[in-house]
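Residue numbers (my numbering): 822 to 1157. In this text, a Cβ means the ideal position worked out from N, Cα and C, and glycines have one as well. On a predicted model such as this, the values are computed, not experimentally measured, just so you know. Notes follow the structure.
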Ligand code: UDP
């Protein structure tokens, strides 16, 4: 049994009560609903062992974050930015940031290559999702999301929704970058919940938190320039923005779909399933033990950022959509 050394929920709740000074960003509480986030010119790597001051980096990171978050917002991903305040700052929703961050990978690089002994640059067949525990003392280790759930760091609904949002972000941003001649290799996202428990994309999406390569030459344009001393860091960051500026891009607004899958509980009679069982047997499908049928209730959410619909759908599933004595249900998220 794994025991975490501290109570993470206490740590998260404290963050919204007081101001927070990070390695490259500060968060100042404005009121119960909102914070000002200031992006600094400091750049760090290796848990802060390597650092430098790059004049203009804060603005470049915010320019890219703002640009991408506005596109994601229009595409239906709930995100935290309320408005741009200055070159280096935004007003954002006051969120309790979850202690688990999510990384999406399209191409092998970084810790993924080191961990599994893979060659950097290999394409992954489908995007790969990983979770990391936000804990400086432990050096932000990889964490199995089931362990994070078991230890109440995140709920299973938050995990599933984070994955759904993150994969949608990956689709949208990869498409935009491709248009501008770049590859989105991997990126890290952080999510948080507002006071009603609604999940929002928080933090940033910049060259500090993603890997971006030129599509032809595979030249690195992101923070790996700093990590590995590969050349002018700011020039790489600026080049990402310059290339994107040349292309208008808007993603389709998609609906979030919540599917409630209802099936009979184990041991409960299911005559419709028995009929299909016999039919399949007659068609020569061998070795079937039991067939269960159920129903799917598909719910399109119009605006996932307005209220805590997850809890309401869960309550409805328990109270009216299912008969808890004989039925069980699971919830799946997707975009249409
Ligand atoms: N990343 C990040 N913050 C972190 C760790 C990683 O923004 O604390 C980003 C990183 O820039 C890369 C992706 O997440 O785009 C995957 O990073 P990886 O796990 O490969 O770690 P690294 O090689 O940076 O140690």
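- In terms of CA proximity to residue 1147, 1114 leads the group 906, 1122, 1114, 1099.
- For residue 1064, the enclosing alpha helix (DSSP H) has its first and last residue at 1054 to 1066.
- Between residue 901 and residue 1023 the beta-carbon gap is near 5 Å, inside 8 Å, which marks them as a contact.
- Nearest in C-alpha terms to residue 871, of all of 851, 1122, 845, is 845.
- Proximity of the segment 960 to 975 to the segment 990 to 997 falls short of the contact definition, fewer than three beta-carbon pairs being nearer than 8 Å.
- Assignment of alpha helix (DSSP H) within the segment 1082 to 1144, counting only whole runs of 4 or more residues, yields 1092 to 1103, 1130 to 1137 in chain order.
- A direct Cα-Cα distance of roughly 15 Å separates residue 1131 from residue 1013.
- Residue pairing for residue 905: DSSP places it in a beta bridge opposite 911.
- At least one heavy atom of the ligand UDP sits closer than 7 Å to the Cβ of residue 933.
- Cβ-Cβ distances below 8 Å link residue 894 to 900, 902 in the same chain, with the five nearest sequence neighbours on each side left out; the list follows chain order.
- Taking all protein chains in view, the Cβ of residue 1143 is crowded by 16 or more other Cβ atoms within 10 Å, so the residue is classified as buried.
- Using a 10 angstroms sphere on the CB of residue 920, the tally of other CB atoms reaches 16 or more, which defines it as buried.
- Bridge pairing for residue 960: absent [DSSP].
- When secondary structure is reduced to three states using DSSP, residue 976 falls in the coil class, being assigned neither helix nor strand.
- A Cβ-Cβ distance of about 16 Å is found for the pair residue 1064 and residue 1054, leaving them out of contact under the 8 Å criterion.
- Only residues of its own chain outside the window of five on either side were considered, and among them 1084, 1086 have a CB closer than 7 Å to the CB of residue 1149, listed in chain order.
- Under the three-pair Cβ rule at 8 Å, the segment 1059 to 1077 does not count as touching the segment 1092 to 1105.
- In this structure residue 1156 does not touch residue 981 by the C-beta definition: roughly 13 Å separates them, more than the 8 Å allowed.
- Assigned with DSSP and collapsed to three states, residue 940 falls in coil, not helix or strand.
- Here residue 940 is exposed: its Cβ has fewer than 16 other Cβ atoms, across all protein chains shown, within 10 Å.
- Secondary structure in the segment 857 to 907: the alpha helix (DSSP H) runs of 4 residues or longer, each lying completely within the stretch, are 878 to 895 in chain order.
- In this structure, 1040 is the residue among 1070, 1040, 1069 with its C-alpha nearest to the C-alpha of residue 1056.
- Secondary structure of residue 982 (DSSP, three-state): helix.
- Burial of residue 987 is indicated by the presence of at least 16 other C-beta atoms within 10 angstroms of its C-beta.
- A residue is called buried once 16 or more other Cβ atoms fall within 10 Å of its Cβ, and residue 966 is buried on that count.
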